[in-house]
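Structure, as structure tokens:
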Amino acid sequence: MRSLTHTTAAAAGVLAAVASLLAAPPAVAAGPRDVTADVLADRDVTLGGDTVVTVPPGTTTYDGVFRGEGTLTVRGSGTLVLTKDSDFTLPESRQRVRTLGGNHPYVTVANPDPPAVTVERGATLQYGDGGTTGLIGHFPYNTPAFRLNQDNIRVDGTLRLSLTSAYNLGTISGSGLITQPRFLWGTWDVSGTHSFSGVIDNGTQLNAGRPEYATSLPNVRKVLNQGTWTVDTPLGRTVTMGMDFYQREYGSDINVQSRPGSKVILTGQYSWSDRGGDRDPSLSDPALNWTPARKNVNKRGTNIKGANVQWGDGTTNRIFMPGTAETVYINLLAARSRSRLTFDYDGPVTLGAPIGGGVFHDTLAAPGAGDIVIAGTPGNDVTFAAVQYYDGSTTVEKGAVLRLGSGKRGGDGGLYTAGGHYKVVNDGSLVLRNTNRPLTLSRVGGSGSLTQSGAATTTLTGAAVTYTGTTTVSKGTLALRRGATLTRSRAIRLTAAGARLDTGPAGLHVATTLTGKGTVAGAVTNEGAVTTGLTVNGPYTQSSKGTLVLRGKPLKVTGTVRLAGDLDVSALGGRGRPAREVTVLDHRGDGRISGTFEGLRQGARLKLGDTTYRIDYRAGDGNDVALTAKTAPSPSPTAPEASASGAVAPRSAGRSEDVGFGWWPYALGLALVVSLAVPVAARRGRGSRRAGRHAARARQ
């Protein structure tokens, strides 16, 4: 039996233990290991988990290395410079790296690891001191053509890449600044997809894509490009880059390459920067992109090397390369294949510089080797305000507009027509509006329209002018030479009094319609429909297939006139008070008019509304065509009146004239009525008598 003393002592021990547990502070998890002292002493550091370095103000150069397993966080307000390569890993890697593509390998990364290196806001981590070492990285993958870094990085502060070698940073996140000093000529391979949303300052060379990997930077909004930014793609991939690029000093460019079946889409803008520093480059006035600056500091360039490139994605009207020949250069080059550049905007944009094929800024040293497409996006309205120098096709898709010339002084445009690849495929709208420089085009096809609206003359040459859309001249002169015709054009419109169509020696063959109030310089043969109100400075011949459509003003002709076909007067039938005389054709030549409109011989009558007119081919000074109202209208037994009231077909005005049958149809009709009426009356009388008999029988 235990004594009471023993029992009491045991209970007291239990109570003391409980009291000590209640009184003890809670256990605290161990924080990251601070190795600042080791770094300041240049001692090598072996990571065994999360590790932090607090960098004091100023610059700290670290000649040691980091190794082991864990993460490294750099914080503080100073700069930590690494002079030797470090190699450490996370305790466990989850990301999946695959090499696909068979004979054309490319690398993909799925489910990327969290960052092994973090640069906090306010701190600066510098890889290298201008040599080939100083990088943090682990490279376990046998990736083709470049070394993929397993150590991903987050940059919320500043990462400076002071290396002259080729390097990779793995997957990048954060919102800080990644900067590369100028003139080091190290190459940064930015492989894969990155959530980084800060600013990239490219001072030397950056590969945003290669045949071995695609690059995606969807959250980057600004790049300060002070070196060469190169975009490339694996086979059959579309890469979109939506950031704005800025240049601060002369000598930077953007090179675009792509593999067969691939496309590079650039939706931002490449601009000069005169403020904002490295972290927020911007331009104080967009007009400065178009104005030459001292020492050409705002001259930017792009070289398209056998690539399929698209500017815009149909949701913006900010052109990728704003500027003139003095501030930008654009080279369209052939590599494995010819290049292709597509403009895809949803509003008006202006290309103020020529596209050539030279070397860097000497863009006009050779013609460009590629084709241009104006995408059929609604609102896509592109102006070439400079004479282009590429040997290739120019395609205007349905719904798009291409304007050659801005319509302003110094903004004349044009195409290079001497090359073997030159042609224009216009399924949209082609507008020609140079103010000073004459424009010459050949090989123009497609289903789109062509409009001459500039003061400078445009000349269409050659038999390959085959477009089928409407031709409009609203200003200046459109000339036809060396076999060029408008026979396939859906309609020809001269919409202003000063509009001029110069047909050249061949004349104009109208197979469709010719309307308006301008002037045709040259012979006109009408086998379609021509409206009055125009002036023909030359002969006018209307065939039996043609129609002259009468409007408010006469057709003026200075040359010989030969008439056949129809006169359509339906447009005047419903007007107000009729005129005493309507001039149809004002013949200002010397000779008499030959021929007449079909069915309308000299003196024939026709009716406009309630007024009857006679046609006179010797009106005015003796050789005009006019309609003169009759003073006392009376029916004619030999020439019934032709009515032009209401909607009358083009050939209706003359076809009923001079068609009569004399008096005998009326006599025949009267005899027929009498012969039918007599038997009917007799039958009605007999029927009444029979009805009476039926009634009598009913009464019996």
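The sequence shown runs 762 to 1461 under the working numbering.
We put the CB at the ideal spot given by N, CA and C, even for glycine.
Cβ-Cβ distance between residue i and residue j below 8 angstroms
i, j, result
"A1130", "G1119", "no"
"L1112", "F1145", "yes"
"Q1030", "S1013", "no"
"I1091", "T1138", "no"
"Y1228", "G1207", "yes"
"D706", "Q1018", "With the chain represented from 762 up to 1461, any question about residue 706 goes unanswered, as that position is not in the structure."
"L1324", "Q1303", "yes"
"T1196", "G1215", "yes"
"G1320", "G1350", "yes"
"T1219", "L1241", "no"
"Y1378", "T1389", "no"
"V1343", "L1333", "yes"
"A1086", "A1048", "no"
"T1238", "S1210", "no"
"I939", "G959", "yes"
Residue i (DSSP reduced to helix, strand or coil)
i, result
"R1204", "coil"
"D799", "helix"
"S1331", "helix"
"P1021", "coil"
"N986", "strand"
"L1125", "helix"
"A969", "strand"
"W1072", "strand"
"G1060", "Correcting the residue identity first, residue 1060 is Lys in this sequence and not Gly. Coil at K1060, not helix or strand."
"L1262", "strand"
"A1048", "helix"
"R1341", "coil"
"R915", "strand"
"T1055", "One detail in the question is off: residue 1055 reads as Arg in this sequence, not Thr. Helix."
"H865", "coil"
"S977", "strand"
Inter-residue spacing [alpha-carbon to alpha-carbon] between residue i and residue j
i, j, result
"D1263", "L1093", "35 angstroms"
"D1382", "A1290", "26 angstroms"
"L896", "P942", "15 angstroms"
"G891", "L945", "7 angstroms"
"P1053", "T1088", "6 angstroms"
"T1103", "T1156", "9 angstroms"
"Q856", "G953", "12 angstroms"
"G810", "D846", "19 angstroms"
"G1171", "A1282", "29 angstroms"
"Q1149", "I1116", "5 angstroms"
"S936", "G918", "8 angstroms"
"L1295", "L1269", "14 angstroms"
"D1035", "V858", "41 angstroms"
"G1038", "I1026", "27 angstroms"
"V1000", "G1168", "36 angstroms"
"G1166", "R908", "49 angstroms"
"N1057", "N963", "19 angstroms"
"D805", "V835", "16 angstroms"
"E881", "V916", "7 angstroms"
"Q1213", "I1253", "11 angstroms"
"Y1177", "A1068", "20 angstroms"
"G1326", "G1370", "23 angstroms"
"G1181", "T1246", "22 angstroms"
"Q1071", "S1250", "31 angstroms"
"S854", "D874", "6 angstroms"
"G1174", "A1217", "11 angstroms"
"A1340", "R1261", "30 angstroms"
"G1277", "K1314", "11 angstroms"
"V1345", "V1386", "5 angstroms"
Supposed contact pair residue j and residue i - C-beta distance, whole angstroms, cut 8 angstroms
i, j, result
"L841", "V816", "5 angstroms"
"D1142", "G1108", "7 angstroms"
"T812", "V796", "6 angstroms"
"S838", "A884", "7 angstroms"
"R867", "P972", "At residue 867 the sequence reads Tyr, which differs from the Arg that was named. About 7 angstroms; that satisfies the 8 angstroms criterion."
"I1135", "A1095", "That belief does not hold up - the Cβ atoms of I1135 and A1095 are roughly 21 angstroms apart, past 8 angstroms."
"N929", "F957", "Rounded, the Cβ-Cβ distance is 14 angstroms, inconsistent with contact."
"A927", "G898", "About 12 angstroms separates the two Cβ atoms, so there is no contact after all."
"A975", "R1009", "Incorrect: roughly 28 angstroms between the Cβ atoms, too far for contact."
"N1384", "H1348", "5 angstroms"
CB contact check: residue i to chain B, cutoff 8 angstroms
i, result
"T1292", "Absent from the structure is chain B; it holds one protein chain and no more."
Report the start-end ranges of each beta strand (DSSP E) in the segment 1168–1207 that is 3 residues or longer and not cut off at the edges.
For the segment 1168–1207, whole beta strand (DSSP E) runs of length 3 or above, ordered along the chain, are 1184–1187, 1190–1193 and 1200–1203.
Check your understanding: At which residue ranges does the segment 988–1013 contain complete beta strand (DSSP E) runs of 3 or more residues, listed in the order of the chain?
Key -> List check, beta strand (DSSP E) in window: 989–992, 999–1002 and 1005–1008.
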